[in-house]
Amino acid sequence: MSLQLPSWFSTLPLKNAGTLRPDYWASTSRAFPRMPVTPDLPLHRTILAFDFGRRRIGVAVGQDVTGSASPLGVVANRADGVDHAAIAALIKEWCPTGIVVGMPSHADGSRSEMQEPVEAFIEELRR
């Protein structure tokens with residue numbers, strides 16, 4: 098099948114042009130292969146990060162739009178433990194798609210004495 102080109106159409110070969118494919122209305126570059134399955138992820142993900150301490154909890158937020166993380170401040174623990182209302186307010190304000198809690202360990206990878214309180218904090222967050 099031969100393609101009839103208008104008289105004004107240039108037939109000079111260009112170094113950066115591909116071959117004319119008259120049977121296709123669109124083309125796809127081999128550099129960008131079709132993905133078999135693309136997961137449905139939110140367009141913008143926000144992660145809240147907590148650094149648990151006995152007296153206070155450090156809080157930071159990370160966003161994949163900017164590819165960065167920023168400190169939000171600290172939540173002071175009360176005499177009876179974690180200030181759950183302040184943590185809940187942060188979660189409500191930022192609506193994170195994920196939460197990260199730092200897990201302390203010794204330099205050799207062994208358990209730290211802080212791991213048990215951190216694990217308890219994680220369980221409280223899950224509720």
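Numbering (this note's numbering) for the sequence shown: 98 to 224. All C-beta atoms, glycine included, are put in the ideal place defined by N, C-alpha and C.
For residue i, tell me which candidate among the options has the shortest Cα-Cα distance.
i	options	result
H141	R151, W191 and R153	W191
S202	A217, G195, E213 and A186	E213
A173	S165, V162, S207 and V156	V156
R153	I144, S167, Q160 and A183	A183
G178	G199, G150 and R208	G150
E220	V198, P168, L169 and S209	V198
P168	L187, F218, A217 and S207	L187
A217	D205, H181, S207 and G170	H181
D161	G195, K189, M211 and D205	G195
Helix, strand or coil for residue i per DSSP?
i	result
Y121	The pLDDT assigned to Y121 is 49, lower than 50, so where the model puts this residue is not dependable, and the model offers no usable value.
R223	helix
Would you say residue i faces chain E, with C-beta separation under 7 Å as the test?
i	result
G150	The structure shown contains no chain E; it holds only a single protein chain.
Might you give, ordered along the chain, the residues of its own chain that have their beta carbon closer than 6 Å to the beta carbon of residue i, omitting 5 neighbours on each side?
i	result
G159	I144 and A166
R223	none
D148	G155 and G199
Among the residues of its own chain, which have a CB less than 7 Å from the CB of residue i, if the five just before and after it don't count?
i	result
P193	T143, I144 and L145
Excluding five sequence neighbours on each side, which residues of the same chain lie with their C-beta closer than 8 Å to the C-beta of residue i?
i	result
S209	P201, S202 and H203
A176	none
V215	F149, V198, G199, M200 and P201
How about residue i: is its Cβ closer than 6 Å to a heavy atom in the ligand GDP?
i	result
G206	This structure simply doesn't include the ligand GDP, nor any ligand for that matter.
Discussion item. My parser needs the beta strand (DSSP E) runs of 3 or more residues fully inside the region 137 to 211; what are they?
Written reply: 143 to 148, 153 to 160, 165 to 173 and 195 to 198
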